[in-house]
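Below: the structure, in structure tokens.
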Amino acid sequence: MLALSNVQAFYGNIQALKGISLEIKEKEIVSLIGSNGAGKTTILKAIAGLMKPRTGEITFQGKEITNKSASEIVKLGISLSPEGRQVFPRMTVLENLEMGAFTRNDKAELDESFERIYALFPRLYERKQQTAGTLSGGEQQMLAIGRALMSKPRLLLLDEPSLGLAPLLVETIFQLIKEINEQGTTILLIEQNARMALMIAHRCYVLETGKIVLADEAKTLLESDAVKKAYLGE
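Following UniProt numbering, the numbering of the sequence shown begins with 1 at its first residue and continues without gaps.
Here it is, written out as structure tokens:
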């Protein structure tokens, strides 16, 4: 479904990605784990069109998207829920969700999407006329994911969805991620909580300083001594 081939990316003279090659298959959850600064968010930015790789190729469903704009990439079926949620604080929940659907104009399909989001996140329905800035951290995270889903993506990019949330809410968010995947959406997940990420993912790539150092099925990496020591606090 998605493939990166030898992708290199820079911030000025600093090389953030050093020849990244990976693939995501239809209906998988694939997680990226690694310490801060390993290049995880840069990979998502490159896929989403928010950063142009200096070299390498990104393809989605057989089409090259390496140099396409972010809005073109959303139209092709890739959507990003960014780190830090980045909801529009002065707009209502409903208006935030509408912003996520800016590429769509079929009213019947839009109504279906609203129904799907409110079924996944009943709290958003209760708060739909409330301004996003007054929501709790967990509610804002639900809104960020819901907004990303409003473009009806085939591939959902999730950047640190559990960041700053209470443990009970973390479990809720991960359960919802599983549910979204079971409904047919492919997911690429970045998550500091490596254990939770490995528990719900099908496969995982481990990054260190812009390179992939391990790649395997998630359940295999969950049992790996090296991963346990470096990322699971064991």
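We put the CB at the ideal spot given by N, CA and C, even for glycine.
- Setting aside the 5 residues that flank it on each side, THR92 is surrounded in the same chain by LYS128, GLN129, GLN130, THR131 and ALA132, each with a C-beta closer than 8 Å to its C-beta; the list follows chain order.
- Around the beta carbon of SER31, a 10 Å sphere encloses 16 or more other beta carbons of the protein chains shown; the residue is thus reported as buried.
- For SER113, there is no enclosing beta strand (DSSP E); the enclosing alpha helix (DSSP H) has its first and last residue at 107 to 120.
- DSSP, read as helix, strand or coil, puts VAL87 in coil.
- Distance from the CA atom of LYS40 to the CA atom of PRO161, rounded to whole angstroms, is 13 Å.
- The beta carbon of LEU232 sits closer than 7 Å to the beta carbons of ALA194 and ARG195 from its chain, once the five residues preceding and following it are set aside; these are given in chain order.
- Its chain contains ALA9, ALA16 and LEU17 as the residues whose beta carbon lies nearer than 6 Å to that of THR42, once the 5 sequence neighbours on both sides are disregarded; these appear in chain order.
- LYS152 sits buried, since 16 or more C-beta atoms from the chains shown fall within 10 Å of its C-beta.
- When DSSP states are grouped into helix, strand and coil, GLY56 belongs to the strand group.
- Around the Cβ of TYR11, a 10 Å sphere holds fewer than 16 other Cβ atoms; the residue is exposed.
- For ASN96, the enclosing alpha helix (DSSP H) covers residues 93 to 100.
- Exclusion of the five residues before and after ASN6 leaves GLY19, ILE20, SER21, THR55, GLY56 and GLU57 as the residues of its chain whose Cβ lies within less than 8 Å of its Cβ.
- Taking the CA atoms as reference points, GLY77 sits about 14 Å from ALA3.
- Unbroken alpha helix (DSSP H) runs of no fewer than 4 residues, entirely contained in the segment 134 to 208, are found at 137 to 149, 167 to 182 and 194 to 200, following chain order.
- DSSP, reduced to helix, strand and coil, places LEU124 within a helical segment of the structure shown.
- DSSP places ALA46 in no beta strand (DSSP E) but in the uninterrupted alpha helix (DSSP H) bounded by 40 to 48.
- Per DSSP, ALA230 has no beta bridge partner at all.
- A contact between stretches requires three or more CB pairs, one per stretch, nearer than 8 Å, and the segment 95 to 106 meets this requirement with the segment 139 to 155.
- LEU124 places its beta carbon 8 Å or farther from that of LEU157.
- Taking 8 Å as the upper bound for CB-CB distance, LEU214 and VAL206 are in contact here, some 4 Å apart.
- Taking a C-beta distance under 8 Å as the contact criterion, LEU44 and LEU80 qualify as a contact pair.
- The DSSP-derived three-state label of GLU23 is strand.
- LYS63 sits in a strand when the DSSP states are folded into three classes.
- Non-local beta-carbon contacts of GLN140 in its own chain, meaning distances under 6 Å to residues more than five positions away in sequence, involve ARG85 and VAL87 in chain order.
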